[in-house]
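J.: Chains as they are written, first to last, in my numbering: chain A, 1 to 281; chain B, 282 to 377.
Ideal placement from N, C-alpha and C gives every residue a C-beta, glycine not left out.
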Amino acid sequence: MRVVVSGLALNLEGLSSEDESLIRARYGIFIQDGPGPPGEPRVEVVAAEVPAFLVPRGIQEGNPEFYRLEQFWQGDRLFAYSYDFAGWYDRVSGEGQLALASSQCEALCRAVENFLRSVMAHRFLEEGAFLLHGAAIVRGGRAYVFYGPSGSGKTTVTLLSEGGLVLGDDLVLIREGESGCEACPVPFRGHYRKPPETDRGFPLAGFYRLVQDRSDSLEPLSPARGAADLMGSLPFVMEGGRPGHALEVVGRVVSRVPVYRLRFRKSPDFWKLVSEEPWEK
Amino acid sequence: MGEMTGPDDPRPPRRNPAAGFRVFEGEATIVLPDGSYIQVLNETGSRIWDLLDGSRGVKAIAAVIAEEYDIAAEAAERDVREFVEELARHRMLERP
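Below is the structure:
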């Protein structure tokens, strides 16, 4: 099974046909049939020989954690693990292994997805692009990227944006394309049910840091503040990764695309503010 | 990587070479190598950061700031010292 996101491919080998069907249904257009070119990155999926790799914290206190994924680098090898999976990926050889502790549908999809999120986040950064914890909506041919931590309103914004093409409500890929900076959909999503309908990139209109408030307002951030703010919403690559390289990559983008702080109510009215701003720098 | 330094270290302070930084329109964004600290420096802070190349001590840096920004030498030295202290606390500096 070959997962291809914005031209970056990863082959998952060893999945049962039943598991492949589950992942195919979730990732839709991001699964390509047929073998890729020789030497393309591949991850072997195996059954774990232990029941779990992490024990959730806070259960005894009655306050279990929401989710935890640990990762670290050893040389060129990235290790990532959570409750029900452990895996590694070697960025030089392009080889990896993913051990799954559960074959139940939901756990399997979550484990595969979280491992892929981590590996792809690092791979994209090496390619000069980055995954951002954000929702992206296309209007008038341009992508508006709303970002912030969990609970900041990314899914809410997608639900308040009737008529727009939703590229994602949790993660979006930012890259420099032939015609400028672009937002591209990825197969990883949050609460939004629909998988992306396209895998193409759209020119960026701007980045909008979401802050829920009682009224709508838009405040431009300087490129330095915009870069720092965006860096706080890069998943996986800041811990044990190469933050200096991340700053270089993000810096190139914020030099060309404006960043704002958007205070908004739960109303589509924020689009009036957002649409009036010039998108070119 | 060398040992971390502070404002009272007699050796000239130097930027942690593993830290990432980029200057945008006079403001610098700096990030620690482990990603645990991201900071935006204003124009003066960015100039001080630029001067922290290991060739000057705090007094010499303060003298440059006092001249370029037309402020009293004592005030400049106090501000530079505080700033260097903060950077050192966040492991953004090291001994040459």
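1. Exposed or buried, M282(B), counting other C-beta atoms within 10 Å across all chains shown (16 or more means buried)?
2. Using 10 angstroms around the beta-carbon of G316(B), count the other beta-carbons present and answer buried if the total reaches 16, otherwise exposed.
3. Under the rule that 16 or more other beta-carbon atoms within 10 Å means buried, what is F202(A), buried or exposed?
4. A246(A) and L234(A) - do their beta-carbons sit closer together than 8 Å?
5. Taking L167(A) and E182(A) to be in contact with their CB atoms under 8 Å, please state how far apart those CB atoms are, rounded to whole angstroms.
6. Below 6 Å CB to CB, which residues in the same chain sit around D170(A) once its five sequence neighbours on both sides are set aside?
7. Whole angstroms are fine: how far does the CA of V211(A) sit from the CA of A136(A)?
8. Quick one: which chain B residues come within Cβ less than 8 Å of L247(A)?
9. Using a Cβ-Cβ cut-off of 7 Å (strictly less than) and excluding sequence neighbours within five positions of A300(B), which residues of its own chain qualify?
10. I need the DSSP call for M282(B), collapsed to helix, strand or coil.
11. For the beta strand (DSSP E) containing G96(A), list its first residue and its last residue.
12. What does the alpha-carbon distance come out to for the pair S267(A) and I31(A)?
13. How far does the alpha helix (DSSP H) with Q352(B) in it reach, from first residue to last?
14. For chain B, find out if any of its Cβ atoms is closer than 8 Å to the Cβ of M120(A); answer yes or no.
15. Residues of chain B with a CB under 8 Å from the CB of P223(A): which are they?
T.: In this structure, then:
1. Because M282(B) carries a pLDDT of 44, less than 50, the predicted location of this residue cannot be relied on, and no value is offered for it.
2. buried
3. buried
4. yes
5. So it is not a contact: roughly 10 Å between Cβ atoms.
6. R189, G190
7. 16 Å
8. G301, F302, R303, T310, V312
9. I311, V312, L313, P314, M373
10. With a pLDDT of 44 at M282(B), under the threshold of 50, the predicted position of this residue should be treated as unreliable, though the coordinate-derived value follows. Three-state DSSP puts M282(B) in coil, outside helix and strand.
11. 95-100
12. 35 Å
13. For the sequence presented, residue 352(B) should be read as Ile rather than Gln. Looking at the DSSP string, I352(B) is not in any alpha helix (DSSP H), and its letter there is neither H nor E.
14. no
15. F305, E306, E308
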